[in-house]
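Asks: Residue numbers (the working numbering), protein chains in the order written: chain A, 21 to 303; chain B, 74 to 403. Could you have a look at this structure, given as structure tokens, before my questions?
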Amino acid sequence: MSADPTTTPVRDDRAAEAEALRKALSSTPRPPRVSGMSAALTFGWRGMLKVKHVPEQLLDVTITPVMFVLMFTYIFGGAISGSTGEYLDYILPGILVMSVLFTTVYSGVALNTDLTKGVVDRFRSLPIWRPAPLLGALLGDCVRYLVAGTVIILLGLLLGFNPEGGAGGVLAALALVIVFAFGLSWVFTTIGLTLRSPNAVMNAGFMGIFPLTFLSNVFVEPETLPAGLEAFVNVNPISILATASRGLMQGNAEASDIMIVLAVAAALTAVFAPLTTRLYRTG
Amino acid sequence: MTSQSPLAIEANGLVKSFGDTLAVDGVNLAVPTGAVYGVLGPNGAGKTTTIRMLATLLRPDAGTARVLGHDIVEEGDAVRELVSLTGQMASVDEDLTGRENLILLGRLLGLKRPAAKERATELLDAFGLSEAAGRLVKNYSGGMRRRLDIAASIVVTPQLMFLDEPTTGLDPRSRNQVWDIIRALVAEGTTILLCTQYLDEADQLAEGIAVIDRGTVIAEGTPAQLKASVGSGSLHVRLLDADQRPEAEELLRRELGTVNLDPDPASLSVSCANADRGAEAVAELTRSGVRVADFSLGQPSLDEVFLALTGHTADESEQQANSIEEERAA
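Rendered as structure tokens:
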């Protein structure tokens, strides 16, 4: 036995391994159940970690809006408003709305990805408040909306955007857009749990959000449109959100617009959050 | 009912269908606490669907089940407090590191941040993953991923653990590591429900086995009982030249009895209880000019168990089950 010098160390190694395993497996007392909010925040932290490991996600939500701001200001600005500066004041809040709302589609895509990868099974078998993974993911997404919004506003200021409503107005507009985006995200998480693949979710999402955004006053004043279209544009919640954001940034917002936006966000949440939770629970 | 160790799982007539295909058709299980209980069956036999119902991820269409004394439908929350699930697809987050995955679960299970970190380190060391702790899971090998998956299931030690085909697709070394972990878990008092396609695996680990086919339990017993009902062992022979199989079949039939032709056109097997006679038969093959690539004398395969229990092979069950899988995907 002692003739072979390698025998003893190998055995020690294995013994040490087995001992580590035994120690790790010995029953630890089960900690008390976490609160729903704390579980949701932990899932929000998971979202942040993903951004850390896949920073391309953030490029998506920053590069595109930057391109939109530059394109619309310098290519269409002169044609639509007569001058690029004037159009920037009109288009910047609109682009803020559009970029953030486009980002909401990714909430559904991310959820569908989790579902197809199988990690959802793990979360669903945990003793936690059932909507926590969903709520947490959307809270994490709100941070991305904040980043996208901040980039757009800073770029606008650099190009000469002049918000009469001051810093307070700009921040209020950003907050309003994020609240609305949170409500809209629930629609896409519902779609994310209904369709088969992340790609299908992406396509369906943009098929909906793209026309809705263009059939709003994000880019042009509705007065120039045919009557039927104008009527639709005027009641489109995205128009109202854009109008409210412009108002807040320029210091002349109508309280009724803000109320409508908040009410629509609340209604979307009230309908689609329970629906998403239900679909998530039944798998 | 008066037995000393209460049942960990008690399922009565569980039924689940997807569309108009029955995936599980009245499964009954009685799993004692403190051991590994194997559920053996081919792909699509209804193993995963059964496990998902017991782990409260799917609601049964009919039937009842109690897990550690709690009803899986009425008291789902209580069940989730006591069990953990390691699914067939490794259910860890590929876009996070191994360490982050374990911290995430520790936090969700109620550990404070420092305790969650400490527990993660402890588990990573014990499962031989400390070097890979900071790497993204998508870059892990199959065996590492599987070990992390099991580690994630025991961040807080569960009373009952569902393991769905934990070694499918693993190389032999990784498979042995997983087996060691399972044995250590049981030694520490966790009950394990193990779904597997391999009789060998169930034989190595389980004290009791239920064989499941087309959504129902078709046999139950200890591994020894099951093997006895099938025939105690079999001789597998693979030929160098598939053309010689008829010749080999004829010879083995004469020596040992009914020959089972394997899907591999160069392979065949025959049930054989006695090692000496098996060795004799192989020698006879060689003497008569049939060239043998390799042979083994071992336990009956799942196919043979199925053939003995049901009259059809596991493969046929699987083919029928494929339509169920497609149904489920739709």
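Think of the CB as a built atom: it goes at the ideal place given N, C-alpha and C, for glycine as much as any other residue.
With distance defined between alpha-carbon atoms, name the residue in A:Val-163, A:Ser-145, A:Gly-180, A:Leu-178 nearest to Ala-151 of chain B.
Replies: When only C-alpha atoms are compared, the closest one is A:Ser-145.
Asks: Restricting to runs no shorter than 3 residues, where is the beta strand (DSSP E) found entirely within the stretch 102-168 of chain A?
Replies: DSSP runs (the beta strand (DSSP E)) wholly in the stretch 102-168 of chain A: none.
Asks: Thinking just about the alpha-carbon of each residue, which of A:Val-238, A:Phe-202, A:Trp-65, A:Phe-122 is nearest to the one in Ile-260 of chain A?
Replies: Nearest option by C-alpha distance: A:Val-238.
Asks: Identify whether Met-162 of chain B lies in helix, strand or coil by the three-state DSSP scheme.
Replies: DSSP places Met-162 of chain B in coil when its eight states are reduced to three.
Asks: If the cut is a Cβ gap below 7 Å, which residues of chain A does Met-126 of chain B touch?
Replies: What Met-126 of chain B touches in chain A: nothing, since even the nearest Cβ is about 11 Å away.
Asks: Which residues in the same chain as Ser-22 of chain A place their Cβ atom closer than 6 Å to its Cβ, once the five residues preceding and following it in sequence are excluded?
Replies: Reliability of the predicted coordinates at Ser-22 of chain A is poor, the pLDDT of 45 falling under 50, and the value obtained from them is presented with this limitation in mind. Counting only Cβ-Cβ distances below 6 Å, and skipping sequence neighbours, we find nothing.
Asks: On the CB-based measure, 16 or more other CB atoms within 10 Å of its CB, does Asp-175 of chain B come out buried or exposed?
Replies: The displayed chain sequence assigns Leu, not Asp, to residue 175 of chain B. Leu-175 of chain B comes out buried.
Asks: Cβ closer than 9 Å: which chain B residues qualify as neighbours of Thr-62 of chain A?
Replies: Leu-177, Arg-180, Leu-181, listed in chain order.
Asks: Chain B partners of Asp-8 of chain A, CB-CB under 7 Å?
Replies: Within the shown structure, residues of chain A are numbered from 21 to 303, placing residue 8 of chain A beyond reach of any answer.
Asks: Please list, in chain order, all residues of the same chain as Glu-241 of chain A whose beta carbon is under 6 Å from its beta carbon, the five residues on each side excluded.
Replies: Excluding sequence neighbours, Glu-241 of chain A sits near nothing in its chain.
Asks: Just by C-beta distance, which residues in the stretch 41-59 of chain A are closer than 9 Å to chain C?
Replies: Annotation note: the requested chain C is absent from the structure, which comprises protein chains A and B.
Asks: Below 8 Å, can you find three or more Cβ-Cβ pairs linking the stretch 228-235 of chain B to the stretch 154-171 of chain B?
Replies: Because the criterion of three Cβ pairs below 8 Å is met, the stretch 228-235 of chain B and the stretch 154-171 of chain B touch.
Asks: Phe-92 of chain A to Ile-111 of chain A, Cα distance in whole Å?
Replies: The straight-line gap from Cα to Cα measures roughly 8 Å.
Asks: Within its chain, find whatever has a CB closer than 6 Å to the CB of Leu-329 of chain B; leave out the 5 residues flanking it on each side and keep chain order.
Replies: Hits under 6 Å: Val-343, Cys-345, Ala-354.
Asks: Report yes if the CB atom of Val-259 of chain B is closer than 7 Å to the CB atom of Val-104 of chain B, and no otherwise.
Replies: No; because the gap between Cβ atoms is not below 7 Å, this pair is not in contact.
Asks: Quick check on Leu-209 of chain B: does DSSP put it in helix, strand or coil?
Replies: Three-state result, Leu-209 of chain B: strand.
Asks: Restricting to Cα atoms, I'd like to know which of A:Leu-235, A:Pro-257, A:Ile-258, A:Ala-262 is closest to Leu-249 of chain A.
Replies: Ranking A:Leu-235, A:Pro-257, A:Ile-258, A:Ala-262 by Cα distance to Leu-249 of chain A puts A:Leu-235 first.
Asks: Between which two residues does the beta strand (DSSP E) containing Ala-138 of chain B stretch?
Replies: Run containing Ala-138 of chain B: 135-140, per the beta strand (DSSP E) assignment.
Asks: Residues of chain B with CB under 8 Å from Ser-145 of chain A, in chain order?
Replies: Per Cβ cutoff of 8 Å: Ala-128, Thr-129, Leu-130, Arg-153, Val-156, Ser-157, Leu-158.
Asks: Going along chain A, which residues have a C-beta under 8 Å from Leu-184 of chain B?
Replies: In chain order: Pro-51.
Asks: Counting C-beta neighbours from all protein chains within 10 Å, is the total for Gly-119 of chain B 16 or more, i.e. buried, or is it exposed?
Replies: Result: buried.
Asks: Mind pulling the chain A residues with CB within less than 9 Å of Glu-204 of chain B?
Replies: Those do not exist, as Glu-204 of chain B stays about 14 Å from chain A at its closest Cβ, beyond 9 Å.
Asks: Any beta-carbon of chain A closer than 7 Å to the one on Val-229 of chain B?
Replies: It does: the Cβ of Val-229 of chain B has a partner Cβ on chain A nearer than 7 Å.
Asks: If distances are taken between C-alpha atoms only, which option among A:Ile-211, A:Ser-205, A:Arg-298 comes closest to Ala-287 of chain A?
Replies: Closest by alpha carbon: A:Ser-205.
Asks: Is the stretch 263-272 of chain B touching the stretch 235-253 of chain B in the sense that three or more CB pairs, one from each, lie closer than 8 Å?
Replies: Yes, they touch.
Asks: For Pro-153 of chain A, collect the residues of the same chain with a Cβ closer than 6 Å to its Cβ; drop the 5 residues on either side in sequence, then sort them by chain order.
Replies: Contacts found: Phe-63, Phe-143.
Asks: Return the chain-ordered list of same chain residues with a C-beta closer than 7 Å to the C-beta of Gln-277 of chain B, the five sequence neighbours on each side being excluded.
Replies: Trp-252.
Asks: Can you give me the C-alpha to C-alpha distance between Pro-79 of chain B and Asp-144 of chain B, rounded to a whole angstrom?
Replies: If you take the alpha carbons of Pro-79 of chain B and Asp-144 of chain B, they lie about 15 Å apart.
Asks: Compare the C-beta of Arg-298 of chain A against all C-beta atoms of chain B and say whether one is closer than 7 Å.
Replies: No, Arg-298 of chain A lies away from the interface with chain B (no Cβ there is under 7 Å from its Cβ).
Asks: Would you mind stating whether Leu-175 of chain A and Val-253 of chain A have Cβ atoms separated by less than 7 Å?
Replies: No, the Cβ-Cβ distance between Leu-175 of chain A and Val-253 of chain A is not below 7 Å.
Asks: Ignore the nearest five residues each way along the sequence and tell me which others in Pro-113 of chain A's own chain have a CB closer than 7 Å to its CB.
Replies: Same-chain partners within the cutoff: Ala-193, Ala-262, Ser-265, Arg-266, Met-269.
Asks: Excluding five sequence neighbours on each side, which residues of the same chain lie with their C-beta closer than 7 Å to the C-beta of Ala-163 of chain B?
Replies: Closer than 7 Å at Cβ, skipping near neighbours: Arg-218, Arg-219, Asp-222.
Asks: Looking only at its own chain, which residues have a Cβ that is under 6 Å from the Cβ of Leu-313 of chain B, when we skip the five neighbours before and after it?
Replies: Cβ neighbours of Leu-313 of chain B beyond the five flanking positions: Arg-364, Ala-366.
Asks: Find the nearest neighbour of Pro-319 of chain B within the set B:Ala-339, B:Ser-247, B:Ile-291, B:Leu-308, judged by alpha-carbon distance.
Replies: Ranking B:Ala-339, B:Ser-247, B:Ile-291, B:Leu-308 by Cα distance to Pro-319 of chain B puts B:Ala-339 first.
Asks: Got a sec? Which residues, its chain only, sit under 8 Å from Ser-361 of chain B by beta carbon, not counting five neighbours each side?
Replies: Only Glu-320, Leu-324 meet the Cβ criterion.
Asks: If you scan the stretch 240-268 of chain B from start to end, which runs of the alpha helix (DSSP H) of 4 or more residues do you find wholly inside it?
Replies: Counting only runs of 4 or more, we get 245-260.
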